[in-house]
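Numbering (the UniProt record's numbering), first residue to last: 1 to 301.
Beta carbons are placed, not taken as given, at the ideal position from N, Cα and C, and that holds for glycine.
Report on one structure; see the data block that follows.
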């Protein structure tokens, strides 16, 4: 069955304004209120919550670290343990974030429970790292770089387990993304959003599933800013040129059965005062991920 895990972490984000805290930590309960758990009730169960540590606006953190690094690592380890247990019990974890630094936990869990790749569905490449930027430090914009070992060892090689995934594919960034060329060279497959729109979600999914290392199970990371802001403005970095809800559902329907788990991130209820966008996310998840894990390979360890 699908095991719904709440992971209300905003540790990887910069504050939206001075003295404020990112609202993504409210997303799991906003999605519950929007009917997500009820819509999946026949196929899923509530597997609890893994709470993060306190968010700090730590601009004075030590050099060579990322924002909230000790709390991020602690949360990643605890969430990874929950995911490993669920995977070994034969369940498909569905993690409701929270921000996309949750990929670190998924990577740790993948590495110690049989391996697998990463399918990164995101409106941005999230590939900022010390080698290409002096302004690194907010992990939610750097998670793909961390996932493949292109970041600081303290966060990209926790417990000596990096790189965390056997292969990686990205789908959904905009052509204007600053790191698109670097990412294209660094991972197995890059599919910008305009190719999904032009050629269709089914073709994009087929290309992803043909990548070696993604053919025996993978983690499916979904940042809802892959959607066009006309449909999903309730994110911290909305950019035009994204997918429609129908296109995202079509993509996820093909990918989800082969994924051993998934995470849904960066929805911000503070930017959704009437709950309409939470209902959009809930509908996409319940339709697109309803068959999560049904064809994924069993863990080998």
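*Excluding the 5 residues preceding and the 5 following residue 25 in the sequence, name in chain order all residues of the same chain whose CB lies nearer than 8 Å to its CB.*
To locate residue 25, count along the chain shown from 1; it is residue 25. 8, 9, 10, 52, 55 and 98.
*What span of residues does the alpha helix (DSSP H) with residue 6 cover, start to end?*
In the chain shown, counting from the first residue as 1, residue 6 sits at position 6. Careful: residue 6 lies outside any alpha helix (DSSP H), inside the beta strand (DSSP E) at 2-7.
_Suppose the cutoff is 6 Å on Cβ atoms and the five residues either side in sequence are ignored; what does the same chain contact list for residue 272 look like?_
Taking the chain shown and counting its residues from 1, one reaches residue 272 at position 272. Within the same chain, residue 272 has close Cβ partners 234 and 278.
*What does DSSP give as the partner residues of residue 190 in its beta bridges?*
Counted from its first residue, the chain shown places residue 190 at position 190. Paired residue(s): 170.
_Residue range of the alpha helix (DSSP H) that includes residue 85_ = Numbered from 1 along the chain shown, position 85 holds the residue referred to as residue 85. Unbroken alpha helix (DSSP H) run through residue 85: 69-88.
*Which one or two residues does DSSP pair with residue 159 in a beta bridge?*
Residue 159 sits at position 159 when you count from the first residue of the chain shown. Partner(s): none; residue 159 has no beta bridge.
*Note down, one range per segment and in chain order, each beta strand (DSSP E) of at least 3 residues found wholly within the stretch 191-254.*
218-223
_residue 8 Cβ short of 7 Å to the ligand HEM heavy atom set_ = Absent from the structure shown: the ligand HEM. Ligands present: none.
_As a quick exercise: from 113, 298 and 155, pick the residue whose alpha carbon is nearest that of residue 129._
As a first step, residue 129 is located in the chain shown; it is residue number 129 there, counting from the start. Checked all of 113, 298 and 155; the closest Cα to residue 129 is 155.
*If you draw a straight line from the alpha carbon of residue 78 to that of residue 64, how long is it in whole angstroms?*
The residue given as residue 78 occupies position 78 in the chain shown. The residue given as residue 64 occupies position 64 in the chain shown. Going by the C-alpha atoms only, they are around 23 Å apart.
*Measuring CA to CA, which of 6, 212, 173 and 86 is closest to residue 194?*
Here residue 194 refers to the residue found at position 194 of the chain shown. Among 6, 212, 173 and 86, the Cα nearest to that of residue 194 belongs to 173.
_Please tell me whether residue 66 and residue 139 are closer than 8 Å, where the distance is taken between their beta carbons._
Along the chain shown, read from residue 1 onward, the residue named residue 66 stands at position 66. Along the chain shown, read from residue 1 onward, the residue named residue 139 stands at position 139. Yes.
*asked:* My parser needs the beta strand (DSSP E) runs of 3 or more residues fully inside the stretch 87-147; what are they?
replied: 92-97 and 117-121
*residue 278 - containing alpha helix (DSSP H), residue span*: As a first step, residue 278 must be located in the chain shown, where it is residue number 278. Per DSSP, residue 278 belongs to the alpha helix (DSSP H) from 276-288.
*For residue 42 and residue 181, the rounded distance between their alpha carbons*: Taking the first residue of the chain shown as 1, we reach residue 181 at position 181. Taking the first residue of the chain shown as 1, we reach residue 42 at position 42. Cα to Cα, residue 181 sits roughly 43 Å from residue 42.
*asked:* Pop quiz: residue 122 and residue 226 are said to be a contact at Cβ under 8 Å. What is the actual Cβ separation, rounded to whole angstroms?
replied: In the chain shown, counting from the first residue as 1, residue 122 sits at position 122. In the chain shown, counting from the first residue as 1, residue 226 sits at position 226. About 6 Å separates the two Cβ atoms, so the contact holds.
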